[in-house]
Every structure is written in C-alpha cells, then in structure tokens.
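Protein chains in written order, with this note's numbering: chain A, 8 to 146; chain B, 4 to 115. Inspection log for the structure reproduced underneath, given as structure tokens.
Structure, rendered in structure tokens:
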C-alpha cells in the first residue's frame, strides 16, 4: 500500500461532509487503521469543516477546505486547511462540563471532543490560511 | 449511516426512543424536531437507547444535552441506555455520563 497521504478538497457546503467522511473511512479501512482512528478522523472532518462553513467566511462565495490525512509509524495525522479569516480554535476556553445540566450552554463541545480524543493539536496561520492539525497514535 | 428514530411506550408511561445510525449534522437535522417532541409534557420519563448509534458529533451531543435540559426543566427523568464504547466516551468527555445506564440496569426497559 502506498504511503501517500489522502488529500480531499471539500466545498464550504454541509452536503459535502458525508462524502469526505466516507472517503476517509475507505482510505483508513484499506490501511487497516483501527476503529478508534476512523472515529476520530470522521469526528475531526465533521467538526472542523462544519466550523469553517459556519464561522470561517464573511462572504457567501464558494471556498475550498482541504483535508490531508496520513498514517505513518502507527500514528494518524489529519490537517484541515481553509482560507477563512484567521481563527485559532485552540484559544477557546474549554467548556465547564461540571455545571448542572440546566446551566450548561448548548455548543462549544466540538474542539473539546477533539482535544480530548487526540494526542495533540496545533494551529498555524500560514500563507493567509488556517491550518489545524491533530495527531493520534495507535497500536 | 442515516439516523433513524423509533419510539415505543413502556409501562408507567416511560417513552423509549431508539436512535440508530450516526448523530451527526445530517442526523440531527433529520430527527431533532421529533426527538424533542418526546421530551415535552409533564414530568416526562424518557429513555434513549443508544446501542445502535455508531457515531456522535458535537451537534449530536448538543441534541442530547438539549433533551436532558428540557426533561429536567419539566421535572422528568432522562437516561441514555447502553451507548457503544466510542459514543460512551464522547458522552463522558462532554459531561453527560450521569445520564448513562449500562448493562442489566438498562435491560429492563422493554416495551409494555
């Protein structure tokens, strides 16, 4: 099996997310990645592309979000790159999940889930684009 | 996998809701209105069977949290039954573990 990354271009359209998730799952399945890695990849695509579409753009035009997925040395690396305005979601404070349910706000859990489920996440702004990467080791 | 919602009534007026598939953006859009409708009324008793849910995104967690808030505000009780390990982990990270019932304790919730 070639060790080339999977590169997906997704339009800023919610309808394009399921196909990207399906492509990632097929690619990971062909490489015998464990279910937890498939789950995290799908979660990352769902959360990060959704955030781009909802909050990333000030115009209604078409944009491309790039997903780069790779496996090497029992580690998954997934990067989402978008040309939306500069925003580092890792600067957001974590939600207080200990609040009584009646006081809990709805929302703000996507990045929290990804941070907890991955080993590491990093954000960079490069060439006018946001680039968010997560890593997860597996056995 | 597209999300589906089946409902049944248990003894004591308990509402059993079975979700099947992925609780992602598409899933929430497909079932949330019907799902919330089962959380209304006076002191609703709601059990949500998550044993056939394979994936939950933050929007799905939000739907489950909204249901918990609604049921609690109406003086009722809501429980999530037998989530798969990955979904259970997401609920735990999201602070919703208090609503999870696993194994034998959930097995008694069969339709009347």
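Beta carbons: idealized from backbone N, C-alpha and C, even for Gly.
Closer than 9 angstroms at the beta carbon, the chain A residues around residue 126 of chain B: Past the edges of chain B, shown from 4 to 115, lies residue 126 of chain B, and the structure says nothing about it.
Counting along the chain, where does the beta strand (DSSP E) carrying residue 25 of chain B start and finish? 18-26
Under a three-way DSSP split, which group does residue 111 of chain A fall into? Residue state, collapsed to three classes: coil.
Beta-carbon spacing of residue 67 of chain B, residue 90 of chain B below 7 angstroms: no
CB of residue 81 of chain B within 7 angstroms of CB of residue 49 of chain B, strictly: yes
Along the chain, where does the beta strand (DSSP E) containing residue 89 of chain A start, and where does it finish? 82-89
List, in order along the chain, the chain A residues whose C-beta lies closer than 8 angstroms to that of residue 64 of chain B? 116 and 120
Within 10 angstroms of the Cβ of residue 31 of chain A, are there 16 or more other Cβ atoms? Answer buried if so, exposed if not. buried
List in chain order: all unbroken alpha helix (DSSP H) runs of 4+ residues lying wholly within the stretch 66-105 of chain B. 88-96
Would DSSP call residue 31 of chain A helix, strand or coil? helix
Given that residue 69 of chain B touches chain A, what residues does it touch there, using C-beta distances under 8 angstroms? 113
Excluding the 5 residues flanking residue 130 of chain A on each side, which residues of the same chain have their C-beta closer than 6 angstroms to its C-beta? 95, 97 and 139
Could you pull the start and end residues of the beta strand (DSSP E) that residue 79 of chain A belongs to? 71-79
Out of A/45, A/27 and A/26, which has the shortest C-alpha to C-alpha gap to residue 35 of chain A? Among A/45, A/27 and A/26, the Cα nearest to that of residue 35 of chain A is on A/45.
N- and C-terminal bounds of the alpha helix (DSSP H) containing residue 58 of chain A: Looking at the DSSP string, the run of the alpha helix (DSSP H) that includes residue 58 of chain A is 42-62.
Leaving out five residues on either side along the sequence, give the residues of the same chain with a beta carbon under 6 angstroms from the beta carbon of residue 88 of chain A. 73, 136 and 138
Nearest to residue 77 of chain A by CA position, among A/66, A/48 and A/103, is which residue? A/48
Per-residue contacts from residue 28 of chain B into chain A (C-beta, under 8 angstroms): 21, 24, 53 and 57
Please return the same chain residues whose Cβ sits closer than 8 angstroms to the Cβ of residue 57 of chain B, not counting the five positions on each side in sequence. Cβ within range, chain order: 4, 24, 25, 87, 89 and 90.
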